[in-house]
Amino acid sequence: MRLTVAQALVRFLSQQHSSRDGVEHRLVEGCFGIFGHGNVAGIGQALAAQGAGTSSALPYYLARNEQAMVHTAVGFARMRNRLSTFACTSSIGPGATNMVTGAALATINRIPVLLLPGDIFATRVANPVLQELEDPRSLDVSVNDAFRPVSRYFDRINRPEQLPSALMQAMRVLTDPAETGAVTLALPQDVQAESFDWPAELFEHRVWHVARPVPEPAALERALELIRSAERPLIVAGGGVIYSEAWDALRAFSAEYGVPVAETQAGKGALPWDSPLSVGAIGHTGTAAANELARSADLVIGIGTRYSDFTTASRTLFGRARFLNINVTAFDAAKNGAVMLVADARAALEALRPDGWRAPASWTSHAASLAASWWSFRAGPSLTQEAVLEDLREVMHPTDVVVNAAGSMPGDLHRLWKVSDAKGYHVEYGYSCMGYEIAGGLGVKLAAPAREVFVLVGDGSYLMMAQEIATAVQEGMKLVIVLVDNHGFASIGNLSESVGAQRLGTAYRLRGASGELDGVYVPVDLAANAASLGADVLRADDRESLRAALTKAREAVRTTVVYVETVPGGSAPSSGAWWDVPVAQQPGEIYDRYQQAKRDQHPYL
1 MRLTVAQALV RFLSQQHSSR DGVEHRLVEG CFGIFGHGNV AGIGQALAAQ
51 GAGTSSALPY YLARNEQAMV HTAVGFARMR NRLSTFACTS SIGPGATNMV
101 TGAALATINR IPVLLLPGDI FATRVANPVL QELEDPRSLD VSVNDAFRPV
151 SRYFDRINRP EQLPSALMQA MRVLTDPAET GAVTLALPQD VQAESFDWPA
201 ELFEHRVWHV ARPVPEPAAL ERALELIRSA ERPLIVAGGG VIYSEAWDAL
251 RAFSAEYGVP VAETQAGKGA LPWDSPLSVG AIGHTGTAAA NELARSADLV
301 IGIGTRYSDF TTASRTLFGR ARFLNINVTA FDAAKNGAVM LVADARAALE
351 ALRPDGWRAP ASWTSHAASL AASWWSFRAG PSLTQEAVLE DLREVMHPTD
401 VVVNAAGSMP GDLHRLWKVS DAKGYHVEYG YSCMGYEIAG GLGVKLAAPA
451 REVFVLVGDG SYLMMAQEIA TAVQEGMKLV IVLVDNHGFA SIGNLSESVG
501 AQRLGTAYRL RGASGELDGV YVPVDLAANA ASLGADVLRA DDRESLRAAL
551 TKAREAVRTT VVYVETVPGG SAPSSGAWWD VPVAQQPGEI YDRYQQAKRD
601 QHPYL
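Numbered per full-length UniProt numbering, the sequence shown finishes at 605, counting up by one with no gaps.
Here you go:
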């Protein structure tokens, strides 16, 4: 079958499927693309030839920013529990390197995305081409080499004959829960347009089975022995619980054996917030309930978590506890000197049967009491960020999805948000990437069009990447975007002050008479900007008008932005957990506090 390399690629991707538990899914459900001289005559021509409609073999979607389209693919894949994803194609040069941040985000979060950046001429006949990086050490270097450290698989297709084997490896990584992340196939622009005779079997319907590895018997016995010896066990549920769809197994295990469950950002929703033994968020942005239990636990059972510094409070939270780590990836299972149980989260929970054992009733009742006390918090009457979240949750339905990423909002969500549905909470905090929110929310809506999707975005993130509002409008995909304006980088402002940097560069103010950035707020109308991108806009200036605007936005049929200015402060109890951000080594109270906190760090060996 004679096709160009790009045509062969498009045809191949349209025939790939994933399967888990006997249910088959399209593996690559479409392609986002922004075209230029690195891909317009290759992948662009191939997509045009097969048609760009949503019923095409590989539907095409137009994005506005290359980084954003990777975020959208990540949001889609995460919402689909990593069983389906999108491809993203760009031109060479800045179009390609714009995707590097998205690749890092995908790989850090263990989310599959397929990236197809254009590349320089393989034949080199026209070099140096527009936007080419010339490296005097080697002519085979291009800017796409920046993808290597942030991709789980990287290849450059310099000859048509290389494509089939590269595609097989790419699909293997996309569908392997232990290996998945960004997959990058760099495509020289001349090779994309080159014709070749392909074997017909390359384009046959192909199913990639997503495994549920079961525990090795000896490892299972070691895990059971450790559990039976525990008197104060605590489960830390991570994203692996969600992706494995292990929430029912976790609920059953927790209830039967009396083990409290705390949640990471990626694992939030693993148990409904009002489950008897759900103690909420863990770590630096955690609840006081979960963190008090963590400090006194003698066994921490980590399920599907990679133990980020926020989860462990920079290794100061868990004291002298022993660790049992259940993870599909040995790399993560080995962390903290743990007893390792390398297995799928659901398969492991179903196999773990410590018959005759249950956590002491005093520990279980203590956990339930701490959780009940925490969840009794209510925000005050002022229009603080906490109040916005409280009002929003009253408006949202249990199956609606909240989407957020960087700043102070993820911390408030992690501590305070009450999740009832396992797929109702979507906060990107592995890379904590400003600008993810709207693009990621678009991916969530693509993956679950029947759900209402509420995107929470601060003014700092909004100003970095708001343009995918236009994509949502173009595609007729309704989002509710809650735009919270606090006139700067409030989260970093608080951190800056705590380490002695005096909030430098964290407020959006005009330069004053003193020459400092201490004048009035910059007169930017973000609500008008959102309207200019095609969204309907509602403004709220108190809690009553906010609830009315949120209710109206949920009932709307078009993408709607609810704009609200918040007041600083809040009254939520502290998590009581530390985060290690080095401070200047100079005498003073700030450095003394830092040194004191460092003494509580554990090597977990």
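Cβ atoms here follow ideal geometry from the backbone N, Cα and C, with glycine treated the same way. Please read all numbers here as calculations on a predicted model, not as lab measurements.
- DSSP places Ala252 in the helix class (H, G or I) of the three-state scheme.
- Here Asp135 is exposed, its C-beta having fewer than 16 other C-beta atoms within 10 Å.
- Within its own chain, the residues whose Cβ lies closer than 6 Å to the Cβ of Asp344, once the five positions on either side in sequence are excluded, are Arg212, Pro213, Ser244, Val328, listed in chain order.
- Between Phe32 and Thr72, the C-beta spacing is below 8 Å.
- In this structure, the CA atom of Pro587 is about 30 Å from the CA atom of Phe318.
- By the Cβ criterion, the region 405-417 is not in contact with the region 445-455, since fewer than three pairs of Cβ atoms, one from each stretch, lie closer than 8 Å.
- Val70 and Lys335 have their C-alpha atoms roughly 29 Å apart.
- For a cut-off of 8 Å, the C-beta gap from Gly435 to Met464 is around 4 Å, short enough to register as a contact.
- For the beta strand (DSSP E) assignment, the uninterrupted runs of no fewer than 3 residues enclosed by the region 547-600 are, from N- to C-terminal side, 560-565.
- Per DSSP, reduced to three states, the secondary structure at Asn81 is coil, with no helix or strand assignment.
- CA-to-CA, the gap between Val388 and Arg124 works out to about 56 Å.
- Asp421 is positioned such that its CB atom lies no closer than 8 Å to that of Leu526.
- The three-state reading of DSSP puts Asn158 in coil, since its state is none of H, G, I, E or B.
- Here DSSP, grouped into helix, strand and coil, assigns Phe323 to strand.
- Look at Ala186 here: in three-state DSSP terms it is strand.
- One alpha carbon belongs to Phe121, the other to Val207, and they sit about 33 Å apart.
- Taking each of Arg2, Trp357, Gly51, Glu565 in turn and checking the Cα distance to Pro199, the smallest one comes out for Arg2.
- Look at the region 251-300 and you find these whole runs of alpha helix (DSSP H), each 4 residues long or longer: 288-296.
- Following the DSSP letters along the chain, one finds Gln7 inside the alpha helix (DSSP H) bounded by residues 5-13.
- Cβ contact annotation for Arg315 (same chain, cutoff 7 Å, sequence separation greater than five): Gln601, His602, Tyr604, in chain order.
- As a beta-bridge residue in DSSP terms, Phe32 pairs with Tyr61, Cys88.
- The alpha carbon of Val395 has as its nearest neighbour, out of Asn529, Thr551, Leu250, the alpha carbon of Thr551.
- For the region 191-237, the continuous alpha helix (DSSP H) assignments of 4+ residues that do not extend past its boundaries occur at 217-228, in sequence order.
- CA-to-CA, the gap between Ser278 and Tyr61 works out to about 40 Å.
- With at least 16 other beta carbons inside 10 angstroms of its own, Gly286 counts as buried.
- With 16 or more neighbouring CB atoms inside 10 Å of its own CB, Pro177 falls in the buried class.
- Runs of alpha helix (DSSP H) with 4 or more residues, each lying fully within the region 406-469, are found at 409-416, 436-447, 459-464, listed in chain order.
- Ile303 has Ala237, Ile326 as its beta-bridge partners, per DSSP.
- Within the model, the alpha-carbon separation for Ile481 versus Thr560 is close to 6 Å.
- Note on geometry: alpha-carbon atoms of Ser461 and Tyr307 lie some 26 Å from one another.
- For Ser56, there is no enclosing beta strand (DSSP E), as DSSP marks it with neither H nor E.
- At a Cβ-Cβ threshold of 8 Å, Gly283 and Ala289 do not count as neighbours.
- Using a 10 angstroms sphere on the CB of Phe147, the tally of other CB atoms reaches 16 or more, which defines it as buried.
- Pro94 is the residue among Ala338, Pro94, Pro398 whose C-alpha sits nearest the C-alpha of Gln131.
- Distance between Gly443 and Ser362, taken at the CA atoms: about 44 Å.
- Just measuring C-alpha positions, the residue of Val564, Val401, Ser382 sitting nearest Gly570 is Ser382.
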